[in-house]
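Quick notes on the structure that follows.
Residue numbers (the working numbering): 44 to 253.
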């Protein structure tokens, strides 16, 4: 009876971790608000940026990316906060500072400016450690009125294939990006899973000897 109860408890543990992975994930949002803070009404090209445990750099061979402060000029997209823009010749890539894997959940995207309000197809490339590559194109809605009343940014979501990546690249140009949401494994989930595996192996060994 005791062995049966232990086996049921261990199986419940593995089912919980396998079928409810959200319980083992912690989400974080990169708002591009600093530090260092980009002053309102200003913009500058940067070569690197760090926030929420992630690094952001241009793809090698390109020219960096723009950090745009809140309260931009009337022709730039506006959502009340800072964000990044990618102009011609620029690009963006990102990953975890500690090198760990992560999942990409969602991102806010906008057109480049009121001078180019057409929808933009932004190409995302994710890299996994087993050598596989996943890609997707997220399309903006073409709504752009700068500091006007319309919502320049829209939230777009990634599919489950963008889990377990260690690096992302965005080679597309002429768009704006904000509020990147990523998920990483909860630190407590790894030792919990290891503990469950150890108990399960011990239980099997004990049963085989009885």
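Every residue, glycine too, gets a C-beta built ideally from N, C-alpha and C.
According to DSSP, is residue 99 part of a helix, a strand, or is it coil?
strand
Q. According to DSSP, is residue 203 helix, strand or coil?
A. Helix at residue 203.
Could you check what DSSP says for residue 75 in three-state terms: helix, strand or coil? coil
Tell me the rounded alpha-carbon separation between residue 74 and residue 113. 11 Å
Paired residues, beta bridge with residue 180 - DSSP: Residue pairing from DSSP places residue 180 in a beta bridge opposite 166.
- Message: Given this structure, state the Cα-to-Cα distance separating residue 167 from residue 180, to the nearest angstrom.
- Response: 6 Å
Margin query: Mapping the DSSP letters down to three states, classify residue 227 as helix, strand or coil.
Written below: strand
Item to complete: Could you name the residues that DSSP lists as bridge partners for residue 69?
Response: 227
For residue 147 versus residue 93, is the C-beta distance shorter than 8 Å?
no
Q. Helix, strand or coil for residue 64 per DSSP?
A. Confidence is the limiting factor: at residue 64 the pLDDT is only 45, short of 50, which leaves the residue's position unreliable, though a coordinate-based value still follows. Residue 64: helix per DSSP, three-state reduction.
Checklist entry - What are the partner residues of residue 190, as DSSP defines its beta bridges? => result Partner(s): none; residue 190 has no beta bridge.
Inset, instruction - Please list the segments of the alpha helix (DSSP H) lying wholly inside the region 83-141, counting only runs of 4 or more residues, in order along the chain. - result: none
To the nearest angstrom, how far is it from the Cα of residue 208 to the Cα of residue 172? Taking the straight line joining both Cα atoms gives about 7 Å.
**Asked** In terms of DSSP beta bridges, what is residue 147 paired with?
**Response** 225
**Asked** How big is the Cα-Cα spacing for residue 152 and residue 164?
**Response** 10 Å
Sub-8 Å separation of residue 213 and residue 134 beta-carbons: yes
**Message:** Using only CA atoms, which one of 98, 129, 80 and 95 lies nearest to residue 218?
**Reply:** 129
### Task
Would you mind working out which of 110, 150, 161 and 83 sits nearest residue 123, comparing C-alpha positions?
83
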